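Here is the structure we will look at.
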Amino acid sequence: MINVTKTFLPSQTEYQAILKKAWDTGWMTNRGVLVQELEAKLQSYLGTSNIIAMTNGTLPLQIAIKALQLKGEVITTPFSYVATTSSIVWEGCTPVFVDIHPEYLTIDETKIEAVITPNTSAILATHVFGNPCAIEAIETIAKKHGLKVIYDAAHCFGVNYKDESIFNYGDVSTCSFHATKLFHTGEGGALFAKDEALHNTLFYHHNFGHDGPEVFQGIGINAKMSEPQAAMGLAVLPYMGEILEERKHIVETYNAAFKESELQLLKIRKDTKWNYSYYPVIFKDETELLRVTAALNQASIFPRRYFYPSLNRLPYIEQQHLVISESISSRILCLPLYVGLEDAHLSQIITVIKKQLL
Ligand SMILES: *Cc1c(COP(=O)(O)O)cnc(C)c1O
């Protein structure tokens, strides 16, 4: 069976050798040696400052909304994973969707200003599939209207934009280290904020507000990464070079196979060092997508409909119609892309798809 992804696993021996440090100290969580080591290594690998490792990639979004004290309306993208929207609603704000760019698939910056009202407090946009949003344009709009910017950068491990880590843009950026993501800690995630005061607030928020055992700096929640999670990250990190090489090979094979076809492929924004995190293809209509999916499933190949449905169609959202996002959502499929996907299987996937396109 070939799935859309397969979690990269280091050997158990390597994992256990790292985990031993936690056994030696007797600490399983509360920011032990492994979490601190992972944060330090990630900062130098990624070229960021002020990372906070967390237990997943959703709590960072909720904590960011809380720490920035967002109220009222948050402008966001309908084309993302559900956590982007649910975090806004969970924190008592109202998501206001702006349609996406038909090729980059990120929020269409030219449509943002039209929906800004006196109740708008922020823009929460996703660098979808690791493809950066129109960062400069969004920053200009945010400055002009006094809005905060949060980037859901869950897909962006290792992405650089204009020679700088993508996590360094916006007031806050978040990442996910879920087992299905490029770099993972089983469950896990991180939060990045350049501003020192904001970083401190975010840090307190992720640990119940604790400032030492008896002093509290405001309200908080528990979003701490545990030591076994950090050990997984430390075991996976040394393989990032190989992981990226192999994924690059798969992406280039798909690209070569599909560039002359009718399939629409992801257009990566200029000045981006991309991370080969996903391989989406866009069909001419949903019927074709369903036909291709059925043929792939027949061959025990299981791609995923990332992202479907368009988030403005969620049952707890006041209905808004977004032509491009709904259209793309109904036609987009992510193909298998992971370390260990053999060339023979890659050829098989390509053959099955091409046969259905004719
Ligand atoms: C995976 C993902 C999340 C959530 O991350 P978890 O680690 O699963 O909580 C949020 N946003 C996007 C765009 C994602 O793909």
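Here the sequence shown is numbered in the working numbering, starting from 62 and rising by one per residue. Built from N, CA and C at the ideal position, the CB exists for glycine as well. The structure displayed is predicted, hence computed values, not measured ones.
query: Which residue comes first and which comes last in the beta strand (DSSP E) that contains E323?
result: That residue, E323, is in no beta strand (DSSP E); it is neither H nor E in DSSP.
task: Use the C-beta contact count for Q130: other C-beta atoms within 10 angstroms, 16 or more gives buried, fewer gives exposed.
output: exposed
query: W151 and E288: beta carbons closer than 8 Å?
result: no
task: Note down, in chain order, each residue of its chain lying with its Cβ closer than 7 Å to the Cβ of Y76, except the 5 sequence neighbours on either side.
output: A292, M293 and A296
message: So, for S371: in the same chain, excluding its five sequence neighbours on each side, which residues have a beta-carbon less than 7 Å away from its beta-carbon?
response: P139, F140, L383, S386, E387 and S390
message: Give the list of continuous alpha helix (DSSP H) stretches no shorter than 4 residues that lie fully inside the segment 265 to 315.
response: 288 to 297
field: Beta-carbon proximity of Y337 to V353, cut-off 8 Å
entry: no
query: For F218 versus C236, is the C-beta distance shorter than 8 Å?
result: yes
message: Can you give me the C-alpha to C-alpha distance between Y367 and V189, rounded to a whole angstrom?
response: 10 Å
message: Assuming L122 is part of the alpha helix (DSSP H), what are its boundary residues?
response: L120 to A128
Short Cβ contact (8 Å threshold) for N373 with F69: no
- prompt: Three or more C-beta pairs closer than 8 Å, one from the segment 267 to 285 and one from the segment 109 to 122: is that the case here?
  reply: yes
Q380 burial status per 10 Å Cβ neighbour count (16 or more: buried): exposed
query: When the Cα atoms are used, what is the spatial distance from K81 to R92?
result: 16 Å
field: Residue of G302, L396, A317 and K331 minimising C-alpha distance to F344
entry: L396
- prompt: Does the beta carbon of K242 fall short of 7 Å from some heavy atom of ligand 1?
  reply: yes
task: Give me every residue whose Cβ sits closer than 6 Å to any heavy atom of ligand 1, in chain order.
output: N117, G118, T119, S141, Y142, A144, T145, T187, D213, A215, H216, S237, H239 and G250
message: On a Cα-Cα basis, can you pick out the residue from K416, F238 and G249 that is closest to L350?
response: K416
- prompt: Where does the unbroken beta strand (DSSP E) through T181 begin, and where does it stop?
  reply: T181 to T187
task: For A176, name the three-state secondary structure that DSSP assigns.
output: First, the amino acid is wrong: residue 176 is Val here, not Ala. Helix at V176.
- prompt: Between the beta-carbon of P156 and the beta-carbon of T167, is there less than 8 Å?
  reply: no
The segment 217 to 231 / the segment 183 to 203 touching (three or more Cβ pairs under 8 Å): yes
message: Could you compute how far the alpha carbon of G273 sits from the alpha carbon of S361?
response: 53 Å
field: Through-space distance from K309 to I393, alpha-carbon basis
entry: 21 Å
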